[in-house]
Amino acid sequence: MSETPISSVDKPAAYRVLARKYRPKDFSDLMVGQEPMVRTLTNAFETGRIAQAYMLTGVRGVGKTTTARILARALNYKTAEIDKPTIDLRAPGEHCQAIMDGRHVDVIEMDAASHTGIDDIREIIEQVRYRPVSARYKVYIIDEVHMLSTQAFNGLLKTLEEPPEHVKFIFATTEIRKVPITVLSRCQRFDLRRISASELVGLFSTILGKEGVAFDPEALAMVARAAEGSARDGLSLLDQAIAHGGGSVEVETVRSMLGLADRARIVDLFEHVIKGDVAGALSEFAGQYEAGANPTVVLTDLADFTHLVTRLKYVPDAVNDQSLSEIERTRGAEFAGSVAVTTLSRIWQMLLKGIPETESSSRPAGAAEMVLIRLAHAAHLPAPEEAARRLLELSGGETAGTRPTPNGGGGVQAQASAPVEARAVGTAAVQRPGANGATMLRAVPDVAPQPIEVGRIEERPVAVAAPKPEPKVHVNSVSDIADLCARNRDIKLKTLVRGFLRLVHIEPGRLDVNLPDDAPKTLLGELAVKLKEWTGIHWVVSYSREPGEPTLVEAEQRAQEQRVNDARQDPDVAAILARFPGARITDVRIRAAEEEVENLAPAAAQSEDGDIVPGEDIE
């Protein structure tokens with residue numbers, strides 16, 4: 001009996017995840033969501049207006065690195081019939097496969113997250129002098145370019161502005177604001193937009209059709225919403241959903257995998273909230289929580305449905321969005337016609353405050369329930385303009401000789417006064433300036449109404465609010481807060497304030513800030529406690545989604561970079577740098593007083609490693 005050789009046994013091919021297997025290979029595949037960029041590049045290549053550097057920016061997973069490889073392939077495209085840069089890449093060229101696999105000798109990919117220093121850039125600068133080995137252009141693809149140091153960016157500027165004709169640069173970044181403007185001005189910038197949920201659903205449907213996997217369209221909509229505009233994230237979740245569902249993508253398996261609540265139950269929860277039914281809202285939330293839904297995800301989905309209802313009030317055609325379920329379409333349209341915009345706006349604002357509270361709470365379920373209680377309670381409150389209108393009507397009715405009395409529904413009724421006397425004003429509209437300068441109206445109840453003569457309205461003294469306590473220390477900026485930390489010897493808090501606080505708004509007793517993603521979650525709470533202890537007044541410290549001002553550390557870094565650039569333009573410094581090759585400016589300091597400059601000799605010396613230290617102005 002003959003045995004089959006081991007070498008002849010077919011080994012199963014290694015599984016490739018969907019995100020890699022269906023990675024775009026040419027510009028026709030990139031048309032999913034990135035049409036403006038493809039159109040611009042097509043026209044540029046056809047007219048021969050090819051830039052020396054490109055900057056690709058966008059959120060993670062929209063195709064920045066893939067676009068860079070396709071662009072490198074287009075620049076070096078060569079077949080038996082075509083030997084020029086082109087966008088038409090339908091037929092594979094000589095260099096195409098090697099470039100797409102990331103192994104071509106003339107297409108150098110570098111991750112700036114792990115190569116951040118000037119030495120890495122100096123190596124590139126030395127290599128650009130040599131022509132490519134086999135391709136038309138030597139292409140440098142630098143991913144996450146915002147991670148480069150300031151010295152690395154400065155070292156790249158001259159080469160980036162006037163590179164050799166055989167060199168092209170392609171940069172990719174998710175943090176475009178961290179890239180210096182001097183680098184951006186030397187690149188053609190393309191903003192890769194988020195891919196819409198409906199486009200992702202179409203992409204997923206096509207891929208699952210090729211894979212022969214059964215799916216539920218509503219399940220694909222869930223995955224598309226969770227991907228948040230990222231094709232790579234969506235395909236990774238789709239891979240997970242296929243494995244979780246045993247070869248199919250179904251609603252229940254995706255819901256349990258993502259920890260989502262049933263969209264129909266979210267709509268029911270929204271209905272309980274707008275009706276002010278606290279018990280019903282808590283019962284519905286408890287059911288979703290017991291079914292495995294994450295409390296933060298429940299509130300986020302509730303906010304998404306609130307946004308959908310508000311949008312349908314002004315854009316009715318949005319109901320045709322492919323990523324929406326049938327119940328979201330029908331019930332969303334019903335709520336859009338019955339719920340006031342002021343109510344929707346109030347729910348939205350309260351959810352924006354409540355979701356971060358739930359995320360940072362040690363008891364997320366309890367925090368979410370408290371948010372729902374606040375939402376249901378606020379559903380019965382009148383809008384500010386409605387309250388003002390009622391108060392104005394009330395004060396006008398009293399002038400005509402009527403007296404308001406509360407009715408059973410919480411409103412007011414006008415009751416005719418006796419013919420021989422008129423009663424004093426039962427409730428007066430008192431103006432009080434708000435925190436933002438606007439005028440608010442509040443009701444001041446009348447304590448002891450006394451009869452007065454007919455035709456004369458008794459004047460009541462206006463109630464004056466008690467003055468706010470004066471703080472022991474005035475705080476008007478983040479710098480003041482850092483100084484306060486230093487005076488109280490809290491060095492740790494001072495370091496956190498300087499490195500993470502981005503000021504949005506500040507006034508006595510209130511501080512609104514934006515924080516980076518890596519900021520400690522307990523920073524705002526600790527800061528509120530310390531400010532109250534040091535200033536003697538209560539402080540409300542809240543997180544804002546507005547970008548805010550740069551942190552103190554960022555501001556100092558930018559100022560230092562500006563001083564270095566200014567010093568580099570100085571004729572004396574330029575002469576020193578030219579006289580000593582390899583010399584560099586490491587630090588620039590401004591003298592405290594001009595007298596010191598006159599008394600100290602501007603001596604310059606060269607260190608062993610080539611650093612220039614003329615006096616104390618430049619180190």
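Every letter in the sequence shown is one number past the one before it in UniProt numbering, and letter 486, counting from 1, is 486. Backbone N, C-alpha and C define an ideal beta-carbon position, used for all residues, glycine too.
Helix, strand or coil, according to DSSP, for residue 214 in the structure here? As a working note, residue 214 is residue 214 in the sequence shown. Residue state, collapsed to three classes: strand.
Cut-off 8 Å between Cβ atoms - residues of its own chain near residue 550, not counting five sequence neighbours on either side: The count along the sequence shown starts at 1 and reaches residue 550 at position 550. Taken in chain order, the residues that qualify are 502 and 558.
Could you tell me which of 289, 272 and 293 sits nearest to residue 373, measuring between CA atoms? Counted from its first residue, the sequence shown places residue 373 at position 373. Per the Cα distances, 272.
To which residues of the same chain is residue 552 closer than 7 Å at the C-beta, ignoring the five residues directly before and after it? Here residue 552 is taken as the residue at index 552 of the sequence shown, counted from 1. These residues qualify, in order along the chain: 478, 479, 482 and 498.
Take residue 16 and list the residues in its own chain whose beta-carbon comes closer than 7 Å to its own, dropping the five residues that flank it on each side. Translated into the one-based positions of the sequence shown, residue 16 becomes position 16. No residues qualify anywhere along the chain.
Beta-carbon contacts of residue 265 that lie in its chain and below 8 Å, excluding the five residues immediately before and after: Looking up residue 265 in the sequence shown gives position 265. Answer for residue 265: 284, 287 and 288, listed in chain order.
Output yes or no for whether 9 Å exceeds the beta carbon distance between residue 181 and residue 57. If you number the sequence shown from 1, residue 181 lands on position 181. If you number the sequence shown from 1, residue 57 lands on position 57. It is not a contact, given that the beta carbons lie outside the stated cut-off.
Straight-line CA distance for residue 256 to residue 107? To locate residue 256, count along the sequence shown from 1; it is residue 256. To locate residue 107, count along the sequence shown from 1; it is residue 107. The straight-line gap from Cα to Cα measures roughly 43 Å.
Around the Cβ of residue 469, are there at least 16 other Cβ atoms within 10 angstroms (buried) or fewer (exposed)? For the purposes of this step, residue 469 is taken as the residue at position 469 of the sequence shown. With fewer than 16 Cβ atoms within 10 Å of its Cβ, residue 469 is classed as exposed.
Starting from the C-beta of residue 333, find all residues in its chain whose C-beta is less than 7 Å away, skip the five residues before and the five after it, and write them out in chain order. Within the sequence shown, the letter at position 333 stands for residue 333. Closer than 7 Å at the Cβ level, and outside the excluded window around residue 333, lie 312 and 319.
Cβ of residue 140 within 9 Å of Cβ of residue 178? In the sequence shown, the residue the question calls residue 140 occupies position 140. In the sequence shown, the residue the question calls residue 178 occupies position 178. No; because the gap between Cβ atoms is not below 9 Å, this pair is not in contact.
For the candidate residues 384, 344, 326 and 323, whose alpha-carbon lies nearest to that of residue 314? Residue 314 sits at position 314 when you count from the first residue of the sequence shown. For the residues 384, 344, 326 and 323, the minimum Cα distance to residue 314 belongs to 344.
Which same chain residues end up closer than 6 Å to residue 496 when comparing Cβ atoms and leaving out the 5 residues on each side of it in sequence? Here residue 496 is taken as the residue at index 496 of the sequence shown, counted from 1. Excluding sequence neighbours, residue 496 sits near 523.
For the alpha helix (DSSP H) containing residue 98, list its first residue and its last residue. In the sequence shown, counting from the first residue as 1, residue 98 sits at position 98. Counting along the chain, the alpha helix (DSSP H) containing residue 98 begins and ends at 96–100.
Which partner residues of residue 108 appear in the DSSP bridge assignment? Here residue 108 corresponds to residue number 108 of the sequence shown, with the count starting at 1. Bridge partners of residue 108: 140.
Let me check one thing: in DSSP terms, what residues is residue 55 bridge-paired to? Taking the sequence shown and counting its residues from 1, one reaches residue 55 at position 55. Residue pairing for residue 55: DSSP places it in a beta bridge opposite 171 and 189.
Can you give me the C-alpha to C-alpha distance between residue 74 and residue 118, rounded to a whole angstrom? Sequence index remark: in the sequence shown, residue 74 carries index 74 (1-based). Sequence index remark: in the sequence shown, residue 118 carries index 118 (1-based). Taking the Cα positions, residue 74 is about 30 Å away from residue 118.
Report the start-end ranges of each beta strand (DSSP E) in the region 224–280 that is 3 residues or longer and not cut off at the edges. As far as the region 224–280 is concerned, it has no whole beta strand (DSSP E) run of at least 3 residues.
Same chain, Cβ closer than 8 Å to residue 327, neighbours up to 5 away in sequence not counted: On the sequence shown, residue 327 is found 327 positions in, with the first residue counted as 1. Closer than 8 Å at the Cβ level, and outside the excluded window around residue 327, lie 263, 264 and 267.
From 244, 194 and 584, residue whose alpha carbon lies closest to that of residue 63: The residue labelled residue 63 in the question sits at position 63 within the sequence shown. Measuring from the Cα of residue 63, the nearest candidate turns out to be 194.
Determine the DSSP secondary structure at residue 205, reduced to helix, strand or coil. Indexing the sequence shown from 1 puts residue 205 at position 205. Helix, per DSSP.
Rounded straight-line distance, which links the Cα of residue 95 to that of residue 104: Here residue 104 is taken as the residue at index 104 of the sequence shown, counted from 1. Here residue 95 is taken as the residue at index 95 of the sequence shown, counted from 1. Cα-Cα distance, rounded: 7 Å.
Minimum C-alpha distance to residue 161 - residue among 142, 186, 148 and 153: Here residue 161 refers to the residue found at position 161 when the sequence shown is read from its first residue. Per the Cα distances, 186.
Let me know if residue 18 comes out buried or exposed under the rule of 16 or more other beta-carbons within 10 Å of its beta-carbon. Within the sequence shown, the letter at position 18 stands for residue 18. That one is buried.
Please classify residue 633: does DSSP put it in a helix, a strand, or coil? Any answer about residue 633 is impossible in this case: the structure gives the chain only from 1 up to 619.
Name, in chain order, the residues that DSSP records as bridge partners for residue 543. On the sequence shown, residue 543 is found 543 positions in, with the first residue counted as 1. According to DSSP, residue 543 bridges with 513.
Going by beta carbon distance, what residues of the same chain come within less than 7 Å of residue 623, once the five residues before and after it are set aside? Because the chain spans 1 through 619 in this model, residue 623 falls outside it and cannot be assessed.
Please check the pair residue 493 and residue 539, which I expect to be a contact at CB under 8 Å, by giving their CB distance rounded to whole angstroms. On the sequence shown, residue 493 is found 493 positions in, with the first residue counted as 1. On the sequence shown, residue 539 is found 539 positions in, with the first residue counted as 1. Actually they do not touch by this definition, with Cβ atoms about 14 Å apart.
With 16 other CB atoms within 10 Å as the buried threshold, where does residue 436 fall? Locating residue 436 in the sequence shown gives position 436, where the first residue counts as 1. Any reading at residue 436 is ruled out, since the residue's pLDDT is 43, under 50, leaving its predicted position unreliable.
On the DSSP letters alone, give me the boundaries of the alpha helix (DSSP H) that residue 560 sits inside. Within the sequence shown, residue 560 is the residue found at index 560, counting from 1. From DSSP, the alpha helix (DSSP H) with residue 560 extends over 552–569.
Give the range of the alpha helix (DSSP H) segment to which residue 345 is assigned. The residue labelled residue 345 in the question sits at position 345 within the sequence shown. Per DSSP, residue 345 belongs to the alpha helix (DSSP H) from 341–360.
The alpha helix (DSSP H) spanning residue 151 covers which residue range? Residue 151 sits at position 151 when you count from the first residue of the sequence shown. Here the alpha helix (DSSP H) through residue 151 covers 150–161.
Here's a check: name, in chain order, each residue in its chain whose Cβ is nearer than 6 Å to the Cβ of residue 216, leaving out the five neighbours to either side. As a working mapping, residue 216 is identified with position 216 in the sequence shown. Within its own chain, the residues whose Cβ lies closer than 6 Å to the Cβ of residue 216, once the five positions on either side in sequence are excluded, are 250 and 251, listed in chain order.
Using a Cβ-Cβ distance under 9 Å, would residue 331 count as near chain D? Note that chain D does not occur in the displayed structure, where there is just one protein chain.
Rounded to whole angstroms, what's the CA-CA distance from residue 211 to residue 504? Just pull it up for me. Locating residue 211 in the sequence shown gives position 211, counting from the first residue. Locating residue 504 in the sequence shown gives position 504, counting from the first residue. In this structure, the CA atom of residue 211 is about 49 Å from the CA atom of residue 504.
Nearest-angstrom beta carbon gap, residue 99 and residue 72 [assumed within contact, 8 Å]: Taking the sequence shown and counting its residues from 1, one reaches residue 72 at position 72. Taking the sequence shown and counting its residues from 1, one reaches residue 99 at position 99. Yes, they are in contact, since the Cβ atoms of residue 72 and residue 99 sit about 5 Å apart, within 8 Å.
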